[in-house]
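A.B. asks:
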Amino acid sequence: MSQNTNVTEYVTAGDDAQESALPWSYRQRPWLRYLIDVVSGAALGIVGTFAHRMGAAQNIPYGLVLALLLVALGAWSARSRDGVAGFALYFIASTTVLYFLALRSGDVLIAAGFDSDSLPFWSQHVGYSWLFGVVVVQLLLLVFPRRFFSMPTRRVGRRKSEDDSGTDD
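For the sequence shown, position 156 (counting from the first letter as 1) is numbered 156 according to the numbering used here, and the numbering increases by one without interruption.
#1: Measuring only the C-alpha atoms, how far is G48 from S20?
#2: Thinking C-beta only, is A75 closer than 8 Å to Q138?
#3: Between the C-alpha atoms of D82 and Y99, what's the straight-line distance to the nearest angstrom?
#4: Pick from R33, L119, A67: whose alpha carbon is nearest that of A57?
#5: How would you write the range of the alpha helix (DSSP H) that R146 sits in, first residue to last?
#6: List the endpoints of the continuous alpha helix (DSSP H) containing P30.
#7: Can you list, in chain order, the residues of its chain whose CB lies under 7 Å from that of W122, leaving out five sequence neighbours each side?
#8: Using alpha carbons as the reference points, say which of V39, L141, L32 lies closest to L69.
#9: Rounding to the nearest angstrom, what Cα-Cα distance links E9 and F148 in this structure?
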């Protein structure tokens, strides 16, 4: 009988022997990784700002949940890729873009600070939930231990054949 085994290995950014198994952005020079953190933070701040209102008019804020999930995944990637320094750059970029879009006069990208009896709860409060939720979600990720941010890579080992079974017939 032949046995099939799969080998799962966990690789961190400092492991030279397995570094080729890491994603592209993890294998770059430090300055480029930091640039990736800043650009991804700014991009997810913009995308989340446009997406956070989806479903709020129906009182089902799935856009807010998806936008916060995107920001959390980006923050996880930044901290996994570059540690606390990369996380800080991501945090600064995402919140700066977010609050810049919120403070622009004339455009209502983040509707907040109004009260109406004719609008659903989430339609009135999703703006504040987005503004504060981005900060809270990222700060929660900051207090997680370092081992939570290791990059697992799955490598499939070779299949054992009958010749490799280790038994002599």
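Where a beta carbon is used, it is the ideal one built from N, C-alpha and C, also for glycine.
Because the structure is a prediction, the values reported are computed rather than measured.
C.D. replies: Taking the coordinates as given:
#1: 31 Å
#2: yes
#3: 24 Å
#4: L119
#5: It is not in any alpha helix (DSSP H) - R146 carries neither H nor E in the DSSP assignment.
#6: 30 to 51
#7: A56, N59, P61
#8: L141
#9: Bear in mind that the predicted position of E9 carries a pLDDT of just 46, short of 50, making it unreliable; the figure below should be weighed with that in mind. Those two C-alpha atoms are separated by around 15 Å.
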